[in-house]
Structures are given as structure tokens and as C-alpha cells.
Amino acid sequence: MARNLFPRPRRNIALSAPLAAVVSAVIAGGALAGSTPAVAQPASIETASETVIQGRILDRFGDRLLVDGPAGRILVDLQAVPAQAGALATGQAVRAEGVLSGKVLQARRIAAAEAGPAISGPPNAASLAPPVAMAPVLPLSETEMRLAAGMPLDAGAIGQTLEAAGFAIVGAPIRDGKDTEVAVRDGQGRRWIASLDRFGRLDEVELEDYDDDRVPRRPGFAGPELVQMVARLGFQARGPAEPHDDHFEILVLNGRSELIELHVDFAGQIYKQVWVR
Numbered sequence: 002m003a004r005n006l007f008p009r010p011r012r013n014i015a016l017s018a019p020l021a022a023v024v025s026a027v028i029a030g031g032a033l034a035g036s037t038p039a040v041a042q043p044a045s046i047e048t049a050s051e052t053v054i055q056g057r058i059l060d061r062f063g064d065r066l067l068v069d070g071p072a073g074r075i076l077v078d079l080q081a082v083p084a085q086a087g088a089l090a091t092g093q094a095v096r097a098e099g100v101l102s103g104k105v106l107q108a109r110r111i112a113a114a115e116a117g118p119a120i121s122g123p124p125n126a127a128s129l130a131p132p133v134a135m136a137p138v139l140p141l142s143e144t145e146m147r148l149a150a151g152m153p154l155d156a157g158a159i160g161q162t163l164e165a166a167g168f169a170i171v172g173a174p175i176r177d178g179k180d181t182e183v184a185v186r187d188g189q190g191r192r193w194i195a196s197l198d199r200f201g202r203l204d205e206v207e208l209e210d211y212d213d214d215r216v217p218r219r220p221g222f223a224g225p226e227l228v229q230m231v232a233r234l235g236f237q238a239r240g241p242a243e244p245h246d247d248h249f250e251i252l253v254l255n256g257r258s259e260l261i262e263l264h265v266d267f268a269g270q271i272y273k274q275v276w277v278r
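In terms of the numbering used here, the numbers along the sequence shown are unbroken and rise by one, the last being 278.
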């Protein structure tokens, strides 16, 4: 609200004793409110925006489920609901509710779909999952300190991360917002553009000069054949290939047991790899 910069004449108004007491209380309350800065209240976990997914479990590894449903394949993180997810098994239909980030759902409630909705009303304290134990706070690494200070990632740290994934740096790292991009070469001499997230982790790699105009409009192979194709390249498929308009996507584990989403065009070429976390 704009402040009035021009003083206005005051009038002396006599108030009755009861009315004066009320006015004094209102003024005192306003003074207190004005002297104390407003504090933003954290959003309630139960009223935060949530996503509901329903589908069938394709695979389970550790505290994560790979669920296939109308929205495609979603990785459901079970860390906050270990008790609810203990009896779930591959092939079972489930319904999960939680916060969706990309293709990963941080589950807050999960149940077998045959059992009906995961919750039928506002949850009570007895139905809530026990709090997850917090991991100990570790000292920041040199890479993390550089990122926190807004400095570019150290080339040595980037090189170690990429070398472990089978790539060699062939260009200078470039900071792009919170991410870092760098040109790399794989063991076959092909050039890729690698992206590392703000924590210095490998996020994705994509062929540098990939031209999708030269790719067939129809696949020369079927989805089940793609599972065998990626297996010959050293990947372990964690579900069936998912067809799209101009490519397939398939979740795999690499030699370091990292979960990766491979993008394979209709010529059978892997042109993009995305690390799923």
C-alpha cells in the first residue's frame, strides 16, 4: 500500500471509556503486528501438491519400484514408506501417491491397487509412516565447495567422473546455469556432449552431431529385439522397451549398477543416455 506523503489535519475526538479501551486494544495489536516481520509458514506435507499413479510393478531393486502405467514407466522411491511397501512384489498392481520429479515419484503412500485407494481421507498420526533416519552430515568436498561458491567445476574432478563412465574430455567445460557441459569422446571415438548436475554428478550424455533427419521413420526391429541388442553392449534391461514417435526408451543397468534410460533411434543407435536418480 502506498504511503501518504502529505500530512493531514488531525481532529481531537472524544471517545467514551469502553470505546477508547477497544480502540487502544486494536492499535496495540496493530503495533505489535507491524513491529514483527511476517514469517512464511512451511507448507504442510499433507497439503502439498501430490501426484497419483497406478500401474503394475515391472521390477524391484532395493527401495525402488519400477511401475508401468498409463503415464509410462515411473521409478517409485519407497524410502519414506518402507512398512507399506514391504509386501509388494513384481507383477503386482499398485497405487502410489507422492511428489513427482521427472520420472521419479517420492512415495508418501502406496498400496496394492486391488486394496482400493491408498488413503480414504485425511491421514491420522497412527497411519503415517515413521520418520526416515537422517544420514550424517559430511564435510563438503572441494567440488561441492566450488559449486556452492558459484565457481566452475574443477576440470580434474570432471575428468575423474567421466573417465569412470568410459569417456575422455576433449573440450573445455562450460557452465550452463547450474549444470556443466563438456565435449567428450567414448572408447569408439564418437563425440558426445556430457552434462553434469550442480553436484558434479553425470546427468546425461548425447551424441554431439546427431542428425535425426537421417534416421528411418519406422524401426527395423521390435521392442524385444532391443533388449537383446543392449545386452550385447553390456547393459542389463530392467523392463521392456517403450516405443515413442521416433525412438525407443529402455531402462537399463550399466556395468556399475547405475540406472540409466537409453534413447535408441529406429536405426538401432543409442544417441542419448540419461542417469535416473
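We treat Cβ as the ideally placed atom computed from N, Cα and C, and that holds for glycine.
Return the bridge partner residues of T52 from the DSSP annotation.
G99
Simplified DSSP assignment, three categories, for D213:
helix
Mapping the DSSP letters down to three states, classify E259 as helix, strand or coil.
coil
Once you ignore the five residues that flank V100 on each side, which residues in its own chain have a CB closer than 8 Å to its CB?
A49, S50, E51, T52, L106, Q107 and R109
Just how far apart, CA to CA, sit V253 and E259?
8 Å
Length at least 3, wholly inside the region 154-211: the beta strand (DSSP E) runs in chain order:
175-177, 180-186, 192-197 and 203-208
Nearest neighbour of G56, chosen from R65, G269, A113 and V228 [CA to CA]:
A113
Write down every uninterrupted run of the alpha helix (DSSP H) in the region 55-90 whose length is 4 residues or greater and which is fully enclosed by it, in chain order.
83-86
Alpha carbon to alpha carbon, how far is T162 from Q93?
37 Å
L129 in three-state terms, based on DSSP
Note on L129: pLDDT 45, under 50, position unreliable in the model; the coordinate value appears next. Here L129 sits in coil by DSSP.
According to DSSP, simplified to helix, strand and coil, what is R233?
helix
Who are the Cβ neighbours of R186 in its own chain at under 6 Å, not counting the five residues just before and after it?
A169, V171 and R192
How do the region 235-248 and the region 213-225 stand: do at least 3 beta-carbon pairs fall below 8 Å, yes or no?
yes
If you draw a straight line from the C-alpha of D204 to the C-alpha of A195, how long is it?
8 Å
Cβ-based burial, T181 [other Cβ within 10 Å; buried from 16]
buried
Looking only at its chain, what residues have a beta carbon closer than 8 Å to the beta carbon of I261, apart from the 5 residues adjacent to it on each side?
F236, L252, V253, L254, N255, Q274, V275, W276 and V277
Mark E164 as exposed unless 16 or more other C-beta atoms lie within 10 angstroms of its C-beta, in which case mark it buried.
exposed
Residues bridged to A114 (per DSSP):
Answer is none; A114 lacks a bridge partner.
For R61, tell me which candidate among A88, G73 and I54 has the shortest Cα-Cα distance.
A88
Look at I159 and L197 and say whether their C-beta atoms are less than 8 Å apart.
yes
Own chain residues within Cβ distance below 7 Å of A72, not counting five before or after
I54
For the putative contact between V216 and D247, defined by C-beta atoms under 8 Å, what is the C-beta separation to the nearest angstrom?
7 Å
Using only alpha-carbon positions, find the residue among G70, A184, A86 and A97 that is nearest to G63.
A86
May I have the straight-line CA-CA distance separating A238 from V231, to the nearest angstrom?
7 Å
Ends of the beta strand (DSSP E) at V277?
First-last for V277: undefined, no H or E at that position.
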